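In what follows, a structure is listed as structure tokens, so that the remarks can point back to it.
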Amino acid sequence: MKSYKLVFVGASGHTGYVLSELHAYPQIHLTAYAPSFAGEDMSQVAGSTKEGPLKEYEDWREMLESERPDIVTACGRHDLNGPIAIEAARRGCHIISEKPAALT
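This note's numbering puts the sequence shown at residues 43 to 146.
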């Protein structure tokens with residue numbers, strides 16, 4: 043079975059919807075997270091896995107470069123989800139996006 047690496051950018055929305063379903067997909071492994079903006083509370087994501095400690099990044103672009111994930115969850119502030127998703131798509135990632143994905 044192919045394995046997929048998942049990362050979270052932000053935790054300002056419905057993070058629980060993704061986190062609560064991960065157990066149903068053993069091939070998906072949450073490996074890292076980063077805030078979408080400085081000071082964002084990432085505690086819901088940080089303590090969400092039983093696979094071991096997650097890597098924490100301060101800069102989500104650096105996380106995408108270092109982790110090279112298969113799936114990016116864009117769960118940031120509403121005005122940031124679009125740019126996060128665009129950058130993830132540019133890198134060839136699948137995207138799970140909080141709504142709205144764009145303001146216009």
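From the three backbone atoms N, C-alpha and C, an ideal C-beta is built for every residue, glycine too.
A quick note: this is a predicted structure, and the numbers were derived from the prediction, not measured.
1) Please state whether the Cβ-Cβ distance between H147 and E140 is less than 8 Å.
2) Check whether the stretch 122-142 and the stretch 87-100 touch, using three or more Cβ-Cβ pairs below 8 Å as the test.
3) So what's L37 in DSSP terms, helix, strand or just coil?
4) With DSSP as the reference, label H136 as helix, strand or coil.
5) To the nearest angstrom, report how far apart G134 and L48 are at their CA atoms.
Looking at the coordinates:
1) With the chain represented from 43 up to 146, any question about residue 147 goes unanswered, as that position is not in the structure.
2) no
3) The question about residue 37 has no answer here: the residues shown for the chain are numbered 43 through 146.
4) strand
5) 13 Å
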